[in-house]
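Q: The structure under discussion is supplied below as structure tokens; questions concerning it will follow.
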Amino acid sequence: MGALTSTSRCILVICQRLLHENYNVWNIDKVRNLFSEDVAKRILETPLVSSVHEDKVVWEEERNECYSVKSGYKLAMCYIIGNDTYHVAGNWNGIWKAQVPHKTHHLLWRLCRGCLPTRYRNVWNIDKVRNLFSEDVAKRILETPLVSSVHEDKVVWEEERNECYSVKSGYKLAMCYIIGNDTYHVAGNWNGIWKAQVPHKTHHLLWRLCRGCLPTRYRLLERRLECTLNCPVCDEEIEDELHIFFRCAVARDSWCAAGLSSVLHNAAYQQINAMDRIFAVCSNESNDTAGRVTMLLWCIWHNRNDKLWNDNVQMPRQIGRYVFDAWNDWYSVHKLQSNSVSGTTEADLVRWEKPVLGWVKCNVDVAFVSGSGRTSVELCFRDNSCQFMVGKTQWRQTVISSVEGEA
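Put into structure tokens, the structure is as follows:
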């Protein structure tokens, strides 16, 4: 039956009096007189409330309007397949293509859908898993914990094999985070600092200086630590990195006494902060000159601390002389050691080798003290994991040859 137009509905509402006295039966004569034959026919075919004698449940999926299990299952499957909530991602085609009986396909489907029944919920059915999969795959499946099999939560530190926190692994993790975080990165020629020919303690001083970690009085005030701001050496200006190393009168005289005044007054090294000046010196000067400058900065800082804590201050010429002698001594020893190491071949090096599992190795050495008539013996025992077990030393009032001692 066709639907009424909006105009017909309006006319129908206005003409409610066309209904019979019992109200729920059309007044056929009035309807036919008011509307055309086609519209009147459609109106009269429209059932009114009282003409529907009894409400009933209708199942639209069957022709006879009665529910059946088959049609209900089909409707449920259409809903489940079209709903992402019930979708399980995976290689389902691989399951259906497996060359196995259909009942095995069904079992795999139930397993992947989480429908495989067990006696207890969330516990693997060991027999069925081992029958379905290879030994290696079954082992990995059974090792996977289920929710109810985890009786108690615990804190696990994944950086250690024993899952327990250690300061060493915590430090490594923190360093990886800091190095990979641009927030803590300071741009500059850091390779030039590390290549400077100086002792390691002076490298550390430059690193602290360029990272803004040197505890000058101005830096301490920035960290909300109340203190006087005047330089403890000259007591004239505010002590910051630029003043204590480059502008203080004692520091400038120390540069001249160390023979580095040309570097101090070089127009290329007049940046507004100490960090940029140091990076520029390490980039443009040779490793030797950069090493002398670094040693001078360390001596200036050492003199400042000596004045602050011990009230002992050195003259600029003393600082300059110490820089010259200390760097030359270090460089001579370092160069001698480098030549000695480079002249040693790999074949000349004797390395200790650990014993096999279940064995203990004993290393013995002897020492001869000329003129004493004594021979000392040392013993050291280690296991196959290189762990020290026990050691012993003793001496005897006898003299043996080196051949006997090394035998």
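Here the sequence shown stands for residues 19 to 425, numbered as in the numbering used here. Beta carbons: idealized from backbone N, C-alpha and C, even for Gly.
(1) Taking its Cβ as the centre, do 16 or more other Cβ atoms sit within 10 Å of P119, making it buried, or is it exposed?
(2) Per DSSP, K353 is paired with what?
(3) Could you work out which residue in N209, I46, R335, V147 is closest to S279 when comparing CA atoms only?
(4) Along the chain, where does the alpha helix (DSSP H) that runs through L232 open and close?
(5) By the DSSP assignment, the alpha helix (DSSP H) with R60 in it spans what residues?
(6) What does DSSP give as the partner residues of K379 in its beta bridges?
(7) Using a Cβ-based criterion (distance less than 7 Å to any ligand heavy atom), does G112 qualify as near the ligand NAD?
(8) Give the DSSP-derived three-state secondary structure of G206 in the structure shown.
(9) Quick one: is T201 buried, meaning 16 or more other Cβ sit within 10 Å of its Cβ, or exposed?
(10) Check whether the region 188–201 touches the region 277–291, counting contact only when three or more Cβ pairs, one atom from each stretch, lie closer than 8 Å.
(11) With 16 as the cutoff for other CB atoms within 10 Å, does A308 come out buried or exposed?
(12) Assign K48 to one of three DSSP states: helix, strand, or coil.
(13) Alpha carbon to alpha carbon, how far is S187 from R179? Give it in angstroms, no decimals.
(14) Got a sec? Which residues, its chain only, sit under 7 Å from K410 by beta carbon, not counting five neighbours each side?
(15) Below 8 Å between beta carbons: does that hold for R229 and L247?
(16) From H10 to Q412, what does the alpha carbon distance come to, in whole angstroms?
(17) Using 8 Å as the threshold, is the C-beta distance between A276 and F342 below it?
(18) DSSP state of W348, grouped into three classes?
(19) Is DSSP giving R335 helix, strand or coil here?
(20) Taking the runs of the alpha helix (DSSP H) that are 4 residues or longer, which of them lie wholly in the region 257–337?
(21) Using DSSP with H/G/I as helix, E/B as strand and the rest coil, what is S152?
(22) Check K213 in the structure and name its three-state DSSP category.
A: Let's see:
(1) exposed
(2) DSSP output for K353 lists no bridge partner at all.
(3) R335
(4) L232 -> no alpha helix (DSSP H), and no H or E assigned at all.
(5) 55–62
(6) For K379, which the question treats as bridged, DSSP gives the partners R400.
(7) Judged by which ligands are present, the structure shown has none, so any question about the ligand NAD falls away.
(8) coil
(9) exposed
(10) no
(11) buried
(12) helix
(13) 11 Å
(14) L397
(15) Contact: no.
(16) Here the chain covers residues 19 to 425 and nothing more, so residue 10 does not appear.
(17) Their beta carbons are under 8 Å apart, which means A276 touches F342 by this criterion.
(18) helix
(19) R335 falls in the helix class under three-state DSSP.
(20) 267–275, 279–282, 292–302, 305–328
(21) coil
(22) coil
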